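Numbering (my numbering), first residue to last: 60 to 274.
The beta carbon of each residue, even a glycine, is placed where N, CA and C say it ideally should be.
Computed from a predicted structure; not experimentally measured.
One structure is given here, and the rest of the page talks about it.
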């Protein structure tokens, strides 16, 4: 993990998002978080939802966690070479100013009533057994881009507890946040959770960007 490189990625990406028309910075405590409304159309959201519904499987986590209810959603990796997915993927990369090879495969996630993802960080914890492999596969995660594809009738907010923020799902809206602090170190303020859906469904897609090329 190269802190200077991660700090530079943080600065350049934040600067790009700040000067991009239609992107808003959300003020929180110690966290760089940005919102872009209507990033995807209703048709694009529907197409991604159909792909998620066709391939979804119980979600997993990399870390060793003794809690069967930590992440209860269903998810799948979307086919990044599918023309429909590829076009959306490239738009995300362009918005973030990232090279396509820095981005992991776009992951779709589906939350039904009662399903959740308890507080967690998207960055890799270097003391975990998975880190040596991930270090070789592109290194640390820098930024996260997440898009809501629909809106549950109740619940399903994304809560950044340490930063004092709660975001309600809105179809087509993209969130982007830096998982590192200004020095390029893992930022504890980036802890977040997907609170349980109380009514309806929540579908999202998430793209994580690495410090180096991912493979």
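Nonlocal neighbours in the same chain, by C-beta distance under 6 Å from residue i, ignoring five residues either side
{"i": "residue 108", "result": "208 and 262"}
{"i": "residue 151", "result": "204 and 266"}
{"i": "residue 271", "result": "197 and 198"}
{"i": "residue 84", "result": "93"}
Environment of residue i [buried if 16+ CB atoms lie within 10 Å]
{"i": "residue 137", "result": "buried"}
{"i": "residue 128", "result": "exposed"}
{"i": "residue 148", "result": "buried"}
{"i": "residue 121", "result": "exposed"}
{"i": "residue 236", "result": "buried"}
{"i": "residue 211", "result": "buried"}
{"i": "residue 88", "result": "exposed"}
{"i": "residue 238", "result": "buried"}
{"i": "residue 248", "result": "buried"}
Contact set for residue i: own chain, Cβ-Cβ below 8 Å, skip 5 residues either direction
{"i": "residue 188", "result": "123"}
{"i": "residue 256", "result": "170, 171, 172, 173, 174, 175, 211, 213, 214 and 215"}
{"i": "residue 160", "result": "272, 273 and 274"}
Beta bridge counterpart(s) of residue i as assigned by DSSP
{"i": "residue 92", "result": "85 and 236"}
{"i": "residue 263", "result": "168 and 207"}
{"i": "residue 258", "result": "213"}
{"i": "residue 273", "result": "DSSP output for residue 273 lists no bridge partner at all."}
{"i": "residue 136", "result": "166"}
{"i": "residue 253", "result": "176 and 217"}
{"i": "residue 225", "result": "218"}
Proximity below 8 Å, CB of residue i to CB of residue j
{"i": "residue 65", "j": "residue 93", "result": "no"}
{"i": "residue 254", "j": "residue 218", "result": "yes"}
{"i": "residue 178", "j": "residue 250", "result": "yes"}
{"i": "residue 167", "j": "residue 268", "result": "no"}
{"i": "residue 62", "j": "residue 156", "result": "no"}
Cβ neighbours of residue i in the same chain (closer than 7 Å, five flanking residues each side left out)
{"i": "residue 223", "result": "87 and 88"}
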